[in-house]
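**Q** Please see the structure below; I have some questions.
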Amino acid sequence: MRELVSIGRRRGTLVWIVVLALVGVSLSGFVNKGTVSSTLRLSVPIAFAALGGIFAEKSGVINIGLEGHLIISAFVGIYATDLTGNVWIGFVSGVLASTLLAAVFAVVCLEFRADQIIAGLAVWFVALGLAPFLSTVIYGSVNADSASFAPITIPGLSKLPGVGALFDAAPPVYLMFLAVGGSWYVLNRTAFGRWVHASGENPQALDTAGVSVRRVRYVSVLLSGVLAGIGGASLSLSLGEFSGNGQTMVDGRGFIAIVVYLLGNYNPIGAFLSTTLFAGLQTVQIQLQSGYLPSSLVQTIPYLTVIVVLAVVGRTRTPDAAGDHYESGEE
Amino acid sequence: MSDVLSRAKERLRAVLERSARLSAVERILISTAALVLAVLVGAVLILVSGRMTTCTTAAATYFGVGFCYDPVTVFDRLFFGALGDPMNPLFRPFQGEFAPPFRKGWSPFNAAMAVTLRETTVLVLTGLSVALAFRSGVFNIGTQGQLVAGALASALGLLVLAPLVPGGVMGTVLLVPTGLGIGAVAGGLYGAIPGVLKAYADANEVITTIMLNFVAAQFALYLVSNHFQRPDSQVVETVPLPDGATIPSVVFDPRMKFSLFALAIAIGFGGVIYYLLRYTTLGYDLRTSGLQPTGAEYGGVKTKRTIVASLTLSGALGGLGGAMYVMMILGNFQTGVPSYGFDGITVAILAGNNPLGVLFAAPLFGIIKSGAIVIDTSTSMPPQLVDVLRGLIVLFVAMPEFFRMIGRRTIAEKPNPDGGEEDA
């Protein structure tokens, strides 16, 4: 067992060197205040969804519906902002909508023992239909707009070359750093974090220790809804618009989030670093579009990277009990 | 050693037979219940959204409250509109009036019916594609991308080949099977990519297939807009296929873009896949890998090769669906392919991943897709309602335990020797 862990760690380190090298190569020559701030902005929805995915999957529930959470909170955030005129009320409403969806998912998986992958797909499908549907009902079009977040500029620090972008950003960017650190702390330094870990690795042991596996999983899935909801609401409210054409403006970010936390080996900080890889790629891609390569081809880069990365990394070790139902012996 | 192997095989066969027997009736009940529940939740959604929008006159009044949309009208348009309004308004058996049930002048070969059946044709193929993969334990979410790959390849292939082939019936006899074949091969190859990645690099197929959907759409956009764009067109599309390269229609008016040949081919594939799964060695390998991957390996199944075979076959069916879409419905390739692949997931899940079940679930979705067009033209209801229904159906089918619990509460509790555990 100990050997397995150390192999996992070594492999993780190796992956990290590769990833950081890739980030370095892809960003060198592009680093300026504009690219850093764009990378951070593009990171927000992916990072939050990934943090949510970590909590759910570490507790033993694979939440493949993250994309759906992003879509629903992106729309509700815009709608509530438009209705109340207050971006923060819109933001909180978006998060609540996503949490509600997570609650439905949790009940379906934990009470009715649904297959998690199929239930997660259902969450995606429902959101993919519901957001453009509601937008059309309310606005007569699949697209809607509202006010957006104003950036918070920290005087002085924001003038620094390169990293200045870190101090001149919309509130969700700052929230992201807080959430990454906070998630790491909760998972690694608190009792709840140990319960989440045990719930995914060895639910029997947790049960024997007198902690309800069901309750830990409920809280974790709800947390995944809250975090992904913050990501979705941030995505739409940074722009002040929701667009519901095709795959909607979320456009696969929820699925990239899953890859990101697999790549980060369920570690919030690792997940955040790989998020910046994808966001960096997207930034570079947007810059390339104005240049030599056809834009449609350039847009495949993030998706192809996901595939290559998955093929190279292979399956990171998922928690032992992920995807399984657990019935307490006491019931 | 061989004794252990044969015992493992025996056990697997028993598991297979038991799960097949258990599921049939129960699946039909659960699927029906899921449909009814999705319609009910849909009705609530229609009422609620009818309060969120504004209208001058209420479409319906329930409990003294006016609503902008009436669920009864919406579902009537959805289901009967898709069949060309067959019901005679004077046929009211509950009121004791027994006029002929079908409306005078109604013909089953009407335009709405043609839309329903042509959607059904593609959905049978995408449904089979997803069902085959799910059955072998592989979550192929990539039928959409495989369909796009097949559609694009068959359109481009036919545009190249058509000038080399004589016109008339002879040309059609040569071109139609060729086009379908190109679509199947392209879809199969595109499906093989995640298959190989899963089998030999352990890459999660759920993620790779979803990513490949995005890649296929973007790549098709690139190829058509940069190399095969129809010069005088505002949308991204190729020039039309020559007449001989489209599937000839029978009975239905050719302008309705539906061919009974195509539907017959799709249904034929339903039979072929059923036979393949049930009576062939490959089918046995696929099913056992799906039920008990470790047991299957122990029983002598080459798991890696089975995974690749499963995704390749699944992709080929998706590609065939794409070829049908191009050769029957569109007559060329256009970007922005409808979500047949995702609807295929719903069809397969509703059918309990049974190829024969797909033949029943696909027409239902054909009706819903075609009814969405009727809703769009004849009511103020946004047609995206149909996408919500799709999600709700998947959600309800995903929770068989919910229906079992209701069943157990209403019917006297019966001991279940198999424990009720099942693949979904």
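Protein chains in written order, with the numbering used here: chain E, -4 to 326; chain W, 17 to 440. We treat Cβ as the ideally placed atom computed from N, Cα and C, and that holds for glycine.
#1: Are any of the Cβ atoms in chain E nearer than 8 Å to that of VAL231/W?
#2: What span of residues does the alpha helix (DSSP H) with ASN242/W cover, start to end?
#3: Could you give the distance in angstroms between the alpha-carbon of LEU53/W and the alpha-carbon of MET415/W?
#4: On the CB-based measure, 16 or more other CB atoms within 10 Å of its CB, does GLY29/E come out buried or exposed?
#5: Does the region 179 to 194 of chain E come close enough to the region 58 to 70 of chain E that 3 or more CB-CB pairs lie under 8 Å?
#6: Going along chain E in order, which residues have a C-beta closer than 9 Å to the C-beta of PRO124/W?
#7: GLY224/E and VAL90/E - do their beta-carbons sit closer together than 8 Å?
#8: Consult DSSP for GLU113/W and reduce its assignment to one of helix, strand or coil.
#9: With DSSP as the reference, identify every bridge partner of THR77/W, one or two as the case may be.
#10: What distance in whole Å lies between the Cβ atoms of ILE409/W and ILE113/E, which are believed to be in contact at a cut-off of 8 Å?
#11: Is the CB of LEU(-1)/E under 8 Å away from at least one CB in chain W?
#12: Straight-line CA distance for ASP110/E to VAL102/E?
#13: Can you pull the chain W residues whose beta carbon is under 8 Å from the beta carbon of PHE250/E, in chain order?
#14: With distances taken between CB atoms, is the gap from LEU232/E to PHE144/E smaller than 8 Å?
#15: What residues from chain E crowd round PHE418/W, counting only those whose CB sits closer than 7 Å?
#16: Pick from ALA142/E, ALA165/E, ALA51/E: whose alpha carbon is nearest that of ILE73/E?
#17: With three or more beta-carbon pairs closer than 8 Å as the criterion, would you say the region 374 to 383 of chain W touches the region 126 to 144 of chain W?
#18: Are the region 155 to 163 of chain W and the region 326 to 341 of chain W touching, with three or more C-beta to C-beta distances below 8 Å?
#19: Just curious, the beta strand (DSSP E) that ASP359/W is in, first and last residue?
#20: Could you list the residues in the region 123 to 142 of chain E with a C-beta less than 8 Å from some C-beta on chain W, going in chain order?
#21: What ranges does the alpha helix (DSSP H) occupy inside the region 76 to 139 of chain E, keeping only unbroken runs of at least 4 residues that lie completely in it?
#22: Given a threshold of 16 other Cβ atoms within 10 Å of its Cβ, counted over all protein chains shown, does CYS84/W qualify as buried or as exposed?
#23: Just how far apart, CA to CA, sit ILE456/W and PHE250/E?
#24: Who pairs with MET103/W in a beta bridge, going by DSSP?
#25: Considering only residues of the same chain and omitting the five flanking positions on each side of GLY173/W, which have a CB-CB separation below 6 Å?
#26: Between the alpha carbons of GLU437/W and SER291/E, how many angstroms are there, rounded?
#27: Does any residue of chain W bring its CB to less than 8 Å from the CB of ALA306/E?
#28: Distance, Cα to Cα, ALA45/E vs TYR256/E?
#29: Which same chain residues, not among the five before or five after GLU(-2)/E, have their C-beta less than 8 Å away from its C-beta?
#30: So who's on the other strand from THR319/W, going by DSSP bridges?
#31: So, does the CB of TYR298/E fall closer than 8 Å to a CB anywhere in chain W?
#32: Does any residue of chain E have a CB that is nearer than 8 Å to the CB of GLN350/W?
#33: Would you mind giving the Cβ-Cβ distance between PHE277/W and ALA130/W, rounded to the nearest angstrom? I have them listed as a contact below 8 Å.
#34: Roughly how many angstroms lie between the CA atoms of GLU236/E and ALA280/W, to the nearest whole one?
#35: Could you check what DSSP says for VAL0/E in three-state terms: helix, strand or coil?
**A** Walking through what the data contain:
#1: Along the second sequence, one-based indexing puts residue 231/W at 215. Interface residue, yes.
#2: The residue you call residue 242/W lines up with position 226 of the second sequence. Residues 221 to 243.
#3: As a working mapping, residue 53/W is identified with position 37 in the second sequence. As a working mapping, residue 415/W is identified with position 399 in the second sequence. Approximately 12 Å between the Cα atoms of the pair.
#4: The residue labelled residue 29/E in the question sits at position 34 within the first sequence. Exposed is the call here.
#5: no
#6: Position 108 of the second sequence, counted from the start, is the residue given in the question as residue 124/W. Those do not exist, as PRO124/W stays about 30 Å from chain E at its closest Cβ, beyond 9 Å.
#7: Numbered from its first residue, the first sequence carries residue 90/E at position 95. Numbered from its first residue, the first sequence carries residue 224/E at position 229. Yes.
#8: Taking the first residue of the second sequence as 1, we reach residue 113/W at position 97. Strand.
#9: On the second sequence, position 61 is the one that residue 77/W refers to. According to DSSP, THR77/W bridges with GLY82/W.
#10: Against the first sequence, residue 113/E aligns to sequence position 118. Against the second sequence, residue 409/W aligns to sequence position 393. Contact flag wrong, Cβ pair sits at about 11 Å.
#11: Along the first sequence, read from residue 1 onward, the residue named residue -1/E stands at position 4. Any answer about LEU(-1)/E is weak, because its pLDDT of 42 lies below 50 and its placement is not dependable; what the coordinates show is given next. It does not; no Cβ of chain W falls within 8 Å.
#12: On the first sequence, residue 110/E is found 115 positions in, with the first residue counted as 1. On the first sequence, residue 102/E is found 107 positions in, with the first residue counted as 1. Going by the C-alpha atoms only, they are around 12 Å apart.
#13: Taking the first sequence and counting its residues from 1, the one referred to as residue 250/E is at position 255. Residues of chain W passing the Cβ test: ILE223, ILE226, MET227.
#14: As a first step, residue 232/E must be located in the first sequence, where it is residue number 237. As a first step, residue 144/E must be located in the first sequence, where it is residue number 149. Contact flag set, yes.
#15: The sequence position of residue 418/W within the second sequence is 402, counting from 1. Simply PHE107.
#16: Your numbering for residue 73/E matches position 78 in the first sequence. Measuring from the Cα of ILE73/E, the nearest candidate turns out to be ALA142/E.
#17: Enough Cβ pairs lie closer than 8 Å, so yes.
#18: yes
#19: Working through the second sequence from its first residue, we reach residue 359/W at position 343. ASP359/W -> not in any beta strand (DSSP E); alpha helix (DSSP H) instead, spanning 356 to 366.
#20: For the region 123 to 142 of chain E, which is checked against every Cβ of chain W, the residues closer than 8 Å are LEU123, GLY124, LEU125, PRO127, PHE128, LEU129, THR131, VAL132, ILE133, VAL137.
#21: Qualifying alpha helix (DSSP H) stretches, in chain order: 82 to 101, 111 to 134.
#22: Counting from 1 along the second sequence, the entry for residue 84/W is found at position 68. Answer is buried; the Cβ neighbour count reaches 16.
#23: Shown here, chain W extends from 17 to 440; a query on residue 456/W therefore has no answer.
#24: Working through the second sequence from its first residue, we reach residue 103/W at position 87. Note: MET103/W sits in a beta bridge opposite PHE118/W.
#25: Translated into the one-based positions of the second sequence, residue 173/W becomes position 157. ILE198, listed in sequence order.
#26: Working through the second sequence from its first residue, we reach residue 437/W at position 421. Working through the first sequence from its first residue, we reach residue 291/E at position 296. Residue placement at GLU437/W is poorly supported in this model, since its pLDDT is 46, which falls under 50; the coordinates are not used for a value here.
#27: Taking the first sequence and counting its residues from 1, one reaches residue 306/E at position 311. It does: the Cβ of ALA306/E has a partner Cβ on chain W nearer than 8 Å.
#28: The residue labelled residue 45/E in the question sits at position 50 within the first sequence. The residue labelled residue 256/E in the question sits at position 261 within the first sequence. Each residue's Cα considered, the two are about 6 Å apart.
#29: The residue labelled residue -2/E in the question sits at position 3 within the first sequence. Below a pLDDT of 50, predicted positions are generally treated as unreliable, and GLU(-2)/E, at 41, falls in that range; no measurement from the model is reported.
#30: The residue labelled residue 319/W in the question sits at position 303 within the second sequence. Its beta-bridge partners do not exist; DSSP assigns none.
#31: For the purposes of this step, residue 298/E is identified with residue 303 of the first sequence, where counting begins at 1. So yes, TYR298/E belongs to the interface.
#32: As a working mapping, residue 350/W is identified with position 334 in the second sequence. By this cut-off, GLN350/W is not an interface position.
#33: As a working mapping, residue 277/W is identified with position 261 in the second sequence. As a working mapping, residue 130/W is identified with position 114 in the second sequence. That belief does not hold up - the Cβ atoms of PHE277/W and ALA130/W are roughly 13 Å apart, past 8 Å.
#34: Taking the first sequence and counting its residues from 1, the one referred to as residue 236/E is at position 241. Taking the second sequence and counting its residues from 1, the one referred to as residue 280/W is at position 264. Rounded to whole angstroms, GLU236/E to ALA280/W spans 46 Å at the Cα level.
#35: Your numbering for residue 0/E matches position 5 in the first sequence. The predicted position of VAL0/E is uncertain, since its pLDDT is 41 and thus under 50; a value taken from the coordinates is nonetheless stated next. The answer is helix: DSSP assigns VAL0/E an H, G or I state.
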